[in-house]
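Residue numbers (our numbering): 28 to 470.
Using N, Cα and C, we set each Cβ at its ideal position, and we do this for glycine too.
First the structure, in the form of structure tokens, and then the observations on it.
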RNA sequence: UCCGCGUUAGCUCAAUGGUAGAGCAUUCGGCUGUUAACCGAAGGGUUGUAAGUUCGAGUCUUACACGCGGAGCCA
């Protein structure tokens, strides 16, 4: 065969992805990707190809292929980049149902000694190799579900008249004045802090656009060392004018239902790879149970846990409460003292803030926190004093109450906690591609 | 910051105070349907660091370093 002829064949060959195999049964195709794993018989070689869209077993029989090709199948290492050609066929013995009756194997780059072998590894090693760990089956499934959740979040708000509004990451002050923030030098203006929430800015947006949401990274410099904390995480925060606490809870409820039901419907394969028991996710439908903080204390009392009125609900207590229900539970009307300065007081009881948290089932804890905001100028001024916050830093925020203030509300949903819950992960660090934790900022 | 646990081959882990071991990975050989394939062989070690107890320390003691889990804080 002349070189010209080979080039012609090369151009005629259809280059496809594994996810499209079903449309090419019986046809000769080319696929490109990485060698996921391989096995061998005496005169047969099984090469598992992955290309980001799926996995495909390519079968090389000695005699059916050239010596060179058969040797190539032998000497190609795990995660080598390769190009394969062959005929697509249905094959119940192969995982995925399709197989490639392979003819050609081109090694783009032969990888030697890939660190993540097909056996167990410790978490430290895997995190050190996070850039490679992302290639493994479960991590690919998690990344895809995370992407689908992000898309569901955006679709949900976009379809309901919310406008995406990005808020600054570098901010001049602490939003709630409590959390420890990452500090950085900012030219001649002194210090700037990495944002811990876009909410105050989103409130300005809600007064401009009616309904907005902000979706971006947030940062907490707390020295938290648990499976529920990262120092850098993503949060989506809707904020709507003329919303009260009930509207806010209605929105959160529809929102969670939409996200979970969308993932259940469209990500069956990935949930299967993660071996997620989806029966508990099926229940995530309106209406979600709503209980007050006072009722939460009663539930704890029945379970022999004493919680003094005015104290915050701990992680363990959250689990006890959420175990009483078969779906996420909304807890509302917390003691004002343990909540942020901008939350509106209950007109019926000034000791209570019109706050709401949503606790995920199965011990995943708080995934949503929100409130109706204080819209009265004098009340807000008083709160700022009580919390010892510098009023001048909040003048712009107070302007929102001076010029056409209206009742409004919003909440924040932690993306990684949501991904972790829906995927059934045991640690937040697998819910984000490159986790940032107190003792790790690499790779 | 506090409490608990851990650190042995590239990776995951064994080893009663008495010669440092296995599986995976790597290299070589075998097998025509493998599914974390399997079978045979080989190479691979300053047992986290420093000191101490002991005839003898991977093992016991102390300090330090690093990591993991939990508490607090929060999404």
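Any idea which residues DSSP pairs residue 49 with across the strands? Per DSSP, none; premise fails for residue 49.
Would you check if the distance between the CB atom of residue 380 and the CB atom of residue 366 is smaller than 7 Å? yes
If we count the other Cβ atoms within 10 Å of its Cβ and call it buried at 16 or more, is residue 429 buried or exposed? Residue 429 comes out exposed.
Give the secondary structure of residue 373 by DSSP, where H, G and I count as helix, E and B as strand, and everything else as coil. DSSP places residue 373 in the strand class (E or B) of the three-state scheme.
Residue 464 in three-state terms, based on DSSP: strand
Which term fits residue 68, buried or exposed, when burial requires 16 or more other beta carbons within 10 angstroms of its beta carbon? exposed
Is it right to say residue 160 is buried, meaning 16 or more other beta carbons lie within 10 angstroms of its own, or is it exposed? buried
Could I get the ranges of all uninterrupted alpha helix (DSSP H) runs contained in the segment 88 to 148, with 4 residues as the minimum, in chain order? Listed in chain order, they are 94 to 102.
Look up residue 28 in the DSSP assignment and say whether it is helix, strand or coil. Summary for residue 28: the model assigns pLDDT 45, below 50, so the residue's position carries little reliability; its value from the coordinates is reported in the next sentence. Residue 28: coil per DSSP, three-state reduction.
Going residue by residue through the segment 245 to 318, where are the continuous beta strand (DSSP E) segments of at least 3 residues, counting only ones entirely within it? 259 to 268
Exposure of residue 435, with buried meaning 16 or more beta-carbon neighbours within 10 Å: buried
Which stretch, first to last residue, makes up the beta strand (DSSP E) that contains residue 424? Counting along the chain, residue 424 falls outside any beta strand (DSSP E), though it belongs to the alpha helix (DSSP H) covering 422 to 429.
So, with DSSP's three-state summary, where would you put residue 398? strand
What are the partner residues of residue 432, as DSSP defines its beta bridges? Per DSSP, none; premise fails for residue 432.
Would you call residue 119 buried or exposed, if buried means 16 or more other Cβ atoms sit within 10 Å of its Cβ? exposed
Where the beta strand (DSSP E) through residue 60 begins and ends: Taken as a continuous stretch (DSSP letters only), the beta strand (DSSP E) holding residue 60 covers 55 to 67.
Enclosing beta strand (DSSP E) for residue 194 [first to last residue]: Careful: residue 194 lies outside any beta strand (DSSP E) and carries neither H nor E.
Comparing alpha-carbon positions, which option in 277, 106, 86, 384 lies nearest residue 97? 86
Near residue 418, which residues of its chain fall below 8 Å by C-beta distance, leaving aside the five closest residues on each side in sequence? 408, 411, 412, 425
With a threshold of 8 Å, are at least 3 pairs of Cβ atoms found where one atom belongs to the segment 308 to 324 and the other to the segment 351 to 368? As far as the Cβ criterion goes, the segment 308 to 324 touches the segment 351 to 368, which means the pair count is three or higher.
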